[in-house]
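If you read the sequence shown in UniProt numbering, its first letter stands for residue 1, the second for the next number, and so on.
To start, the structure itself, in structure tokens.
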Amino acid sequence: MNLRQLEFFRMLADTQHMTHAAKLLNTTQPNLSHSMSELEKELEAQLFEKKGRNIQLTKYGKFFYTYVSTALEELAKGERALKELVSPEKGLIDFGFIYTAGSLLAPKLMKEFSAYPGNEQIRFNLFQGNSSDMTDLLLKEEVDIAITSKLKEDVQLHYEILTEQEIVLVVPFDHPLAIYDSISLKETSDYPFVYFNERSGLRPYLDKMLAAVAITPEIACEVEEDHTMLGFVAHDYGIALMPKIPSISAYNVKSISLEDNFFPRYIYLATKKDHFLSPAALRFKEFIVSYAQNMFYQ
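Encoded structure:
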């Protein structure tokens with residue numbers, strides 16, 4: 001049994017005329033007749049019977065017709081949906097990004113991309129999490145593109161640098177360090193930290209920063225994302241090192257620049273090397289690579 005046989009069966013059932021059905025199917029009457037005979041042999045049931053010069057479905061044919069008609073309709077719907085899904089103008093992009101990118105970089109990229117002529121109907125399915133989450137989603141092919149930090153080299157993933165991210169110290173407004181506008185990281189050694197947990201892409205970077213100035217941090221608590229960190233700092237659980245994001249100003253904390261000249265903290269555009277990118281996703285990736293270098297955190 002094949003799809004063509006089922007299409008033949010439905011057309012013949014609808015027209016109830018062998019010659020007419022063959023013409024609509026762009027095939028010959030003998031070919032149509034042979035195809036239906038083979039289908040009946042496979043199903044071990046008579047599907048059609050003659051009625052004068054026409055033919056009609058038997059009770060077994062009527063029973064089978066319900067399933068064939070539904071199946072063919074569902075396949076047609078699936079074909080239409082898939083074509084729309086991968087359409088350059090109407091596709092769906094599974095887009096992931098780390099928490100830090102959610103306040104500015106990701107929405108800005110999406111808005112500018114969607115405003116470009118021809119992209120207005122492209123839709124996004126959004127995923128947010130830490131860098132470990134983004135790596136998992138990429139490897140499982142649940143996202144097409146991710147904005148993330150690089151936890152480690154992975155032969156299955158491709159990374160392209162998007163931008164450099166500034167790390168700042170945040171402290172409560174009434175904290176002793178709040179008198180400074182810039183500070184050396186060594187000055188933080190006497191204070192407990194609110195720290196990113198081990199699934200965060202920032203964790204190994206911060207560990208290296210503190211190790212470079214011989215600080216073993218006293219960790220008061222570990223959190224997963226930026227806004228939770230800001231909330232705990234504002235409630236005086238400790239000080240924190242985190243990316244300079246616009247929403248810092250919404251919390252009762254002070255952002256202090258670091259005077260130390262550390263290695264850069266990069267944000268990457270990541271894709272899975274062998275993952276099929278729809279035309280819409282490929283268009284978005286090319287847009288990001290072309291324009292995101294000019295988009296920095298303010």
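The C-beta atom is built at its ideal place from N, Cα and C for all residues, glycine as well.
Nothing here was measured: the structure is a model prediction, and the numbers come from that model.
Next on the checklist: Counting beta carbon pairs with one atom in the stretch 47–60 and one in the stretch 16–27, are three or more of them shorter than 8 Å?
Outcome noted: yes
Next on the checklist: I believe residue 170 touches residue 240 by the beta-carbon criterion, under 8 Å. Please report the beta-carbon distance rounded to the nearest angstrom.
Outcome noted: Residue 170 to residue 240, Cβ: 5 Å. Contact.
Checklist entry - In chain order, which continuous runs of the alpha helix (DSSP H) of length 4 or greater are located wholly inside the stretch 170–235? => result 202–212 and 226–234
Checklist entry - In terms of residue numbering, what span does the alpha helix (DSSP H) encompassing residue 112 cover? => result Segment 105–115, the alpha helix (DSSP H) holding residue 112.
Checklist entry - Counting pairs of Cβ atoms below 8 Å between the stretch 95–104 and the stretch 66–85, do you hit three or more? => result Verdict: no, contact absent.
Checklist entry - Is the stretch 131–142 in contact with the stretch 87–98, if contact means three or more CB pairs nearer than 8 Å? => result yes
Checklist entry - Helix, strand or coil: how does DSSP classify residue 84 here? => result Three-state result, residue 84: helix.
Item to check | Nearest-angstrom Cβ-Cβ length linking residue 284 and residue 93, presumed shorter than 8 Å | outcome: 5 Å
Next on the checklist: Within the continuous alpha helix (DSSP H) that includes residue 288, where are the two ends?
Outcome noted: 279–291
Item to check | Limits of the unbroken beta strand (DSSP E) element including residue 255 | outcome: 253–258
Item to check | Beta-carbon proximity check, residue 229 vs residue 262, cutoff 9 Å | outcome: no
Item to check | 8 Å CB neighbourhood of residue 114 in its chain, flanking five on each side removed | outcome: 120 and 122
Checklist entry - CA-CA distance, residue 68 and residue 141? => result 33 Å
Checklist entry - Any idea if residue 21 is buried or exposed, counting beta-carbon neighbours within 10 angstroms, 16 or more meaning buried? => result buried
Item to check | Between the CA atoms of residue 145 and residue 297 - distance to the nearest angstrom | outcome: The predicted position of residue 297 is uncertain, since its pLDDT is 41 and thus under 50; a value taken from the coordinates is nonetheless stated next. About 20 Å.
Checklist entry - The alpha helix (DSSP H) with residue 23 in it runs from where to where? => result 18–24
Checklist entry - Are residue 118 and residue 160 close, meaning C-beta to C-beta below 9 Å? => result Between residue 118 and residue 160, the gap from beta carbon to beta carbon reaches 9 Å or more.
Checklist entry - Which of the three DSSP states, helix, strand or coil, is assigned to residue 243? => result The answer is strand: DSSP assigns residue 243 an E or B state.
Next on the checklist: Out of 259, 12, 33 and 165, which one is the CA nearest neighbour of residue 186?
Outcome noted: The option with the nearest alpha carbon to residue 186 is 259.
Next on the checklist: Please tell me whether residue 226 and residue 209 are closer than 9 Å, where the distance is taken between their beta carbons.
Outcome noted: no
Item to check | Residues that DSSP places opposite residue 94 in a beta bridge | outcome: 125
Next on the checklist: I'd like the list of long-range same chain contacts for residue 192, defined as Cβ closer than 6 Å, with 5 residues on each side in sequence excluded.
Outcome noted: 218, 220 and 238
Item to check | Distance, residue 48 Cα to residue 70 Cα | outcome: 19 Å
Next on the checklist: Can you look up residue 140 in the DSSP assignment and give me helix, strand or coil?
Outcome noted: coil
Checklist entry - What's the gap between the Cα of residue 10 and the Cα of residue 158? => result 48 Å
Item to check | Presumed contact (8 Å Cβ cut-off) between residue 87 and residue 280, rounded CB distance | outcome: 7 Å
Next on the checklist: Please state the DSSP three-state secondary structure of residue 155.
Outcome noted: coil
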